[in-house]
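Protein chains: 2
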Amino acid sequence: MIQKLIEKIKKTNAPIVVGLDPMMKYIPEHIKQAAYQEQGETLEGAAEAVWQYNKAIIDATYDLIPAVKPQIAMYEQFGIPGLTAFKKTVDYCKEKDLVVIGDVKRGDIGSTSEAYAVGHIGKVQAGSRFYRGFDEDFITVNPYLGSDGVKPFIAVGKEEKKGIFVLVKTSNPSSGEFQDRLVEGRPLYEIVGEQVAAWGEEHMGEEYSYVGAVVGATYPEQGKILRKLMPKTYILVPGYGAQGGKGADLVHFFNEDGLGAIVNSSRGIIAAYQQEKYAQFGAKNFADASRQAVVDMIEDISGALASKY
Amino acid sequence: MIQKLIEKIKKTNAPIVVGLDPMMKYIPEHIKQAAYQEQGETLEGAAEAVWQYNKAIIDATYDLIPAVKPQIAMYEQFGIPGLTAFKKTVDYCKEKDLVVIGDVKRGDIGSTSEAYAVGHIGKVQAGSRFYRGFDEDFITVNPYLGSDGVKPFIAVGKEEKKGIFVLVKTSNPSSGEFQDRLVEGRPLYEIVGEQVAAWGEEHMGEEYSYVGAVVGATYPEQGKILRKLMPKTYILVPGYGAQGGKGADLVHFFNEDGLGAIVNSSRGIIAAYQQEKYAQFGAKNFADASRQAVVDMIEDISGALASKY
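Sequences listed follow chains A and B, in order. Going by our numbering, the letters in the first sequence line up with residues 730 to 1038, in that order. Going by our numbering, the letters in the second sequence line up with residues 730 to 1038, in that order.
1) Can you find a C-beta in chain A that's less than 8 Å from the C-beta of Thr899 (chain B)?
2) Of the residues A:Met753, A:Gly952, A:Gly808, A:Phe867, which one's Cα is nearest the Cα of Val746 (chain A)?
3) Which residue wins for smallest C-alpha separation from Tyr804 (chain B), given the options A:Ala844, A:Glu824, A:Asp820?
4) What are the start and end residues of the alpha helix (DSSP H) that includes Phe907 (chain A)?
5) With DSSP run on the structure shown, which of helix, strand or coil describes Met933 (chain A)?
6) Residues of chain B with a CB under 8 Å from the CB of Val847 (chain A): which are they?
7) Quick one, which of B:Ser904, B:Tyr873, B:Ile883, B:Asp864 has its alpha-carbon nearest Gly839 (chain A)'s?
8) Kindly indicate the opening and closing residues of the alpha helix (DSSP H) around Thr869 (chain B).
9) Gly968 (chain B) and Ser900 (chain B) look like a contact to me (Cβ under 8 Å); what is the Cβ gap, rounded to whole Å?
10) Which residues, in chain order, does the stretch 986-999 of chain A contribute to contact with chain B at a C-beta distance below 8 Å?
11) Over the uninterrupted beta strand (DSSP E) stretch that includes Phe1010 (chain A), give me the two end residues.
12) Identify each residue in the stretch 779-812 of chain A for which the Cβ-Cβ distance to at least one residue of chain B is less than 8 Å, and report them in chain order.
13) To the nearest whole angstrom, what separates the beta carbons of Val847 (chain B) and Val879 (chain B), a pair I think is in contact under 8 Å?
14) Give, in chain order, every unbroken run of the alpha helix (DSSP H) that is at least 4 residues long and sits entirely within the stretch 913-998 of chain B.
15) Assign Pro1042 (chain B) to one of two classes, buried (16 or more other C-beta atoms within 10 Å of its C-beta) or exposed (fewer than that).
16) Classify Val819 (chain A) as buried or exposed, calling it buried when 16 or more other Cβ atoms lie within 10 Å of its own Cβ.
17) For the stretch 1006-1016 of chain B against the stretch 954-969 of chain B, are there 3 or more C-beta pairs whose distance is under 8 Å?
18) Hey, is Lys816 (chain B)'s beta-carbon within less than 8 Å of any beta-carbon in chain A?
19) With a threshold of 8 Å between beta carbons, is Asp978 (chain A) in contact with chain B?
20) Grab me the residues of Phe859 (chain B)'s own chain with a C-beta within less than 6 Å of its C-beta, minus the 5 sequence neighbours each way, in chain order.
21) For chain A, find out if any of its Cβ atoms is closer than 8 Å to the Cβ of Ala1016 (chain B); answer yes or no.
22) Please go through the same chain and pick out, in chain order, the residues whose beta-carbon is closer than 6 Å to the beta-carbon of Val779 (chain A), but skip the five residues on each side of it.
23) Taking 8 Å as the threshold (beta carbon to beta carbon), is Thr841 (chain B) in contact with chain A?
24) Extract the residue ranges of the beta strand (DSSP E) inside the stretch 765-843 of chain B, only unbroken runs of 3 or more that lie entirely within it.
25) Taking Cβ positions, are Gly748 (chain B) and Ser994 (chain B) nearer each other than 8 Å?
26) How do the stretch 780-795 of chain A and the stretch 732-746 of chain A stand: do at least 3 beta-carbon pairs fall below 8 Å, yes or no?
27) With Arg1020 (chain B) as the anchor, note down where its alpha helix (DSSP H) starts and where it stops.
28) Closer than 7 Å, Cβ to any Cβ of chain B: which residues of the stretch 760-776 of chain A, in chain order?
29) Please list the partners that Tyr873 (chain A) has in chain B, where partner means a Cβ-to-Cβ separation under 8 Å.
30) Excluding the five sequence neighbours on either side, which residues of its own chain have a C-beta within less than 7 Å of the C-beta of Ala776 (chain B), listed in chain order?
31) What residues from the stretch 854-865 of chain A come within 9 Å of chain B, judged by C-beta to C-beta, listed N to C?
32) Residues bridged to Phe894 (chain A) by DSSP?
33) Where Ala1016 (chain B) and Ile801 (chain B) are concerned, what is the direct C-alpha to C-alpha distance, given to the nearest angstrom?
34) At the level of alpha carbons, what is the spacing between Val833 (chain B) and Leu965 (chain A)?
35) Tell me whether Gly748 (chain B) sits in a helix, a strand or coil according to DSSP, three-state version.
36) Would you mind stating whether His932 (chain B) and Gly952 (chain B) have Cβ atoms separated by less than 8 Å?
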C-alpha cells in the first residue's frame, strides 16, 4: 500500500491528502436541509448530511489526488449512524481507487492494540469466517504506550500490506507540552522519531517503510530535523492552510527524491467555499470550490518543491 | 459523577471496576454457537455473542460493584455491529445504575478532541435537537498532544458533570519506553501526573476531581509517588490479576481515607471460569464464576487496605 501511495503521488504529481473532517459548520445548508427532510433531525439525518457532503467532494476531487484522510472523531460524535457514514466514506473512496488513511489515533496495551489493528486494517474472525470492520489502508497511531502498543499494528499491517502513521510531533499549539520535553538534551519527539524509524525497518516497502510518522506543518524546523532522523519514513503533514502552514514551510519535510511526505489539508479544501478566495463559487457549488482549492494547493506545494530542487 | 462513583464505592465497599473486554476466546462455546445460529457467522453474530456474554456477567455482578469499564477496541474490531454491542452494553450498565468508564483512550488536536468528547460524554447537535452518541460517564484520554488535546474533554465534562481518566503510567511492559524518560531528572510520567493534577483543579467534585489518572497496578512504586503528586486525583488502576498486579501491591494507590483509587480487573473476572481456581463452575455457569471472582477480588483488596489502615 505504501507503493500504491507513492505511485499515485507520482502519477497525480500531488503529494497531498484531502482531510475528510466534515464538521457540521462546514456543510452547506441545502445539504443539511435535504438530509434532515429525508431522515429527520436525528443522528441518522446528520450522518446522511455528512455522507452527501463527502460524496460530492470526493466526486469533484478524486482524479486529482492520491489519498484522503477521514478523521473518525467527526463521525464518531454522531454515534452508530456517524460511524456508518465513516464506513460508507471509506468504502466509496476505495471504489474511487483512493488510498484511505483513517485518522483514528488509536493505541493501547498489546492485546487491545491488536483488536484496533484487526478492526481498522485487518480481518476479524466470526466463527469460521473473516470480515473487515472498517478496512482503511493506513491508520494513525499514538505512541505513548511504547513498542508493545505499536507493534500489533505493524504485525497486522505486514499481513495485509497496509501501514500506519505514528504521531511524532503534532500540529497543535500545545504539542510541545510533553513532546518537546528534553530527554538527555534532546526533545522527546526526536526519541519517538528514532523509534519510528526503527519500527519502520520491520515493515519496509521498496524505498520507504509502511511505518510512517505524523509531523505538523506548523513546526517546519522540527520537520527538517525529523526528516534527517527518519530517512525512509513517509511523513504525513497536517496543519497546512487553516492551521497556518504554507507551501514554502513544507519543503524540508520532503527528501531529495521529491518524495517522503504527504501534506494534508482539511478545512482549506472541504470548506473552501466559505473562504473569500472561493466565495464566487457559492454554497451550491461547494464541491467545485473544493476542486479549485485542490488545484491551488498542488500548485503551491509543487512550486515550493520545484524551487528547492 | 465522581460523587456517584465515590458513593457507590463506599456503599459496595468495593473499590473495583469490572473490565468488559470480551475477547472471543473468553466467550463460552454455547454462547457463541447460539449467537451464530441466530445471526450466522457474521459480524452481527459475533456482536450478539459479545452482548449475551456481557449481559450475563453484568446480571451476575452488578449488585456487588460500583462500575464497569468496557474496552471499546474489543467491540470496534467487529465494525458497526460491534460498536452497536458496545452501545447496548453501556446502556444496559446504566440501567443497572453502574458507573460506566468507556476505555476509549481518545485524544487529538482541540477541535477533534471536542468531537470525541461530544460523542462519548456529551451531546451532539442535529438541526435543532441534541443526542448522545455513546453516553459513558467517564472515558480514558491519551495526553500525548498536551493541554489543548485534553481540555475539550474537561470542558464537556464540566457541562455534563462527567469526567475523564488521563493515561499517566500505563500497565504494559513497554510503558517505560517513553513514559519513564527522564526530563530534568524526573520521569515523564511525573510531569504528566503533575499536569493531570493541575487540569483537575479546573473540574473538582467535593474531595476529588473529575479528572482522574490511569496508573498501572504493575508499577506499584511509581503508583506510590504519583499518589502523593496527585492527592485529589482518582486513580484508575488496570493490570490487577491477569497482568500481574496483586492486592498488596495496590495499597499505595489509595489515600488514607481509603479512597482515591479504583482497581480494574478484566480477564480475571469475565473469564474466571477458564481459571483452575473457578473450573468447578464449568463453562455453562461462567457468570457465577465471575461473581465469585468479584467476591474474591473485593476480599483481596479490602484485606490489603484493612491491614494498611
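Glycine included, C-beta positions come from ideal geometry on N, C-alpha and C.
Per the coordinate set shown:
1) Counted from its first residue, the second sequence places residue 899 (chain B) at position 170. It does: the Cβ of Thr899 (chain B) has a partner Cβ on chain A nearer than 8 Å.
2) To locate residue 746 (chain A), count along the first sequence from 1; it is residue 17. With distances taken between Cα atoms, Val746 (chain A) lies closest to A:Phe867.
3) Locating residue 804 (chain B) in the second sequence gives position 75, counting from the first residue. Per the Cα distances, A:Ala844.
4) Taking the first residue of the first sequence as position 1, residue 907 (chain A) is located at position 178. That run of the alpha helix (DSSP H) goes 905-908.
5) Taking the first residue of the first sequence as position 1, residue 933 (chain A) is located at position 204. In the structure shown, Met933 (chain A) sits in a strand (DSSP, three-state: E or B).
6) Here residue 847 (chain A) refers to the residue found at position 118 when the first sequence is read from its first residue. Under the 8 Å cutoff, chain B gives Gln806.
7) Within the first sequence, residue 839 (chain A) is the residue found at index 110, counting from 1. Answer by Cα proximity: B:Ser904.
8) Within the second sequence, the letter at position 140 stands for residue 869 (chain B). No alpha helix (DSSP H) contains Thr869 (chain B), which is instead part of the beta strand (DSSP E) from 867-870.
9) Position 239 of the second sequence, counted from the first residue, corresponds to residue 968 (chain B). Position 171 of the second sequence, counted from the first residue, corresponds to residue 900 (chain B). That pair is a contact at about 3 Å.
10) none
11) The residue given as residue 1010 (chain A) occupies position 281 in the first sequence. First-last for Phe1010 (chain A): undefined, no H or E at that position.
12) Gln800, Ala802, Met803, Glu805, Gln806, Phe807, Gly808, Ile809, Gly811, Leu812
13) The sequence position of residue 847 (chain B) within the second sequence is 118, counting from 1. The sequence position of residue 879 (chain B) within the second sequence is 150, counting from 1. Their Cβ separation, rounded to whole angstroms, is 15 Å, which puts Val847 (chain B) and Val879 (chain B) out of contact at 8 Å.
14) 917-930, 949-958, 976-979
15) Missing from the structure shown is residue 1042 (chain B); chain B here goes from 730 to 1038 and no further.
16) Your numbering for residue 819 (chain A) matches position 90 in the first sequence. Under this definition Val819 (chain A) is a buried residue.
17) no
18) Numbered from 1 along the second sequence, position 87 holds the residue referred to as residue 816 (chain B). Yes, Lys816 (chain B) counts as interfacial toward chain A.
19) Working through the first sequence from its first residue, we reach residue 978 (chain A) at position 249. Asp978 (chain A) does not count as touching chain B.
20) Within the second sequence, residue 859 (chain B) is the residue found at index 130, counting from 1. Only Lys852 meet the Cβ criterion.
21) Position 287 of the second sequence, counting from 1, holds the residue named residue 1016 (chain B). So, not an interface residue.
22) For the purposes of this step, residue 779 (chain A) is taken as residue 50 along the first sequence, with counting starting at 1. If we look at Val779 (chain A) and ignore the five residues flanking it on each side, its Cβ neighbours are Pro751, Ala814.
23) On the second sequence, residue 841 (chain B) is found 112 positions in, with the first residue counted as 1. Yes, contact with chain A.
24) 796-799, 828-835
25) One-based indexing of the second sequence puts residue 748 (chain B) at position 19. One-based indexing of the second sequence puts residue 994 (chain B) at position 265. The answer is yes: Cβ separation under 8 Å.
26) yes
27) Reading the second sequence from its first residue, position 291 is the one you call residue 1020 (chain B). From DSSP, the alpha helix (DSSP H) with Arg1020 (chain B) extends over 1015-1037.
28) Tyr765, Glu770, Thr771, Leu772, Gly774, Ala775
29) Looking up residue 873 (chain A) in the first sequence gives position 144. Here the neighbours are Asn871, Pro872, Tyr873, Leu896, Thr899, Phe907, Gln908.
30) Within the second sequence, numbered from 1, the residue matching residue 776 (chain B) stands at position 47. Contacts found: Phe807, Pro810, Gly811, Thr813, Ala814.
31) Gln854, Ala855, Gly856, Ser857, Arg858, Tyr860, Arg861, Gly862, Phe863, Asp864
32) Counting from 1 along the first sequence, the entry for residue 894 (chain A) is found at position 165. DSSP output for Phe894 (chain A) lists A:Thr869, A:Gly941 as bridge partner(s).
33) Translated into positions along the second sequence, residue 1016 (chain B) becomes position 287. Translated into positions along the second sequence, residue 801 (chain B) becomes position 72. So the two alpha carbons sit approximately 21 Å from each other.
34) One-based indexing of the second sequence puts residue 833 (chain B) at position 104. One-based indexing of the first sequence puts residue 965 (chain A) at position 236. Cα to Cα, Val833 (chain B) sits roughly 24 Å from Leu965 (chain A).
35) In the second sequence, the residue the question calls residue 748 (chain B) occupies position 19. It is a strand residue.
36) Residue numbering aside, residue 932 (chain B) sits at position 203 when the second sequence is read from its first letter. Residue numbering aside, residue 952 (chain B) sits at position 223 when the second sequence is read from its first letter. Not in contact: His932 (chain B) and Gly952 (chain B) (Cβ atoms no closer than 8 Å).
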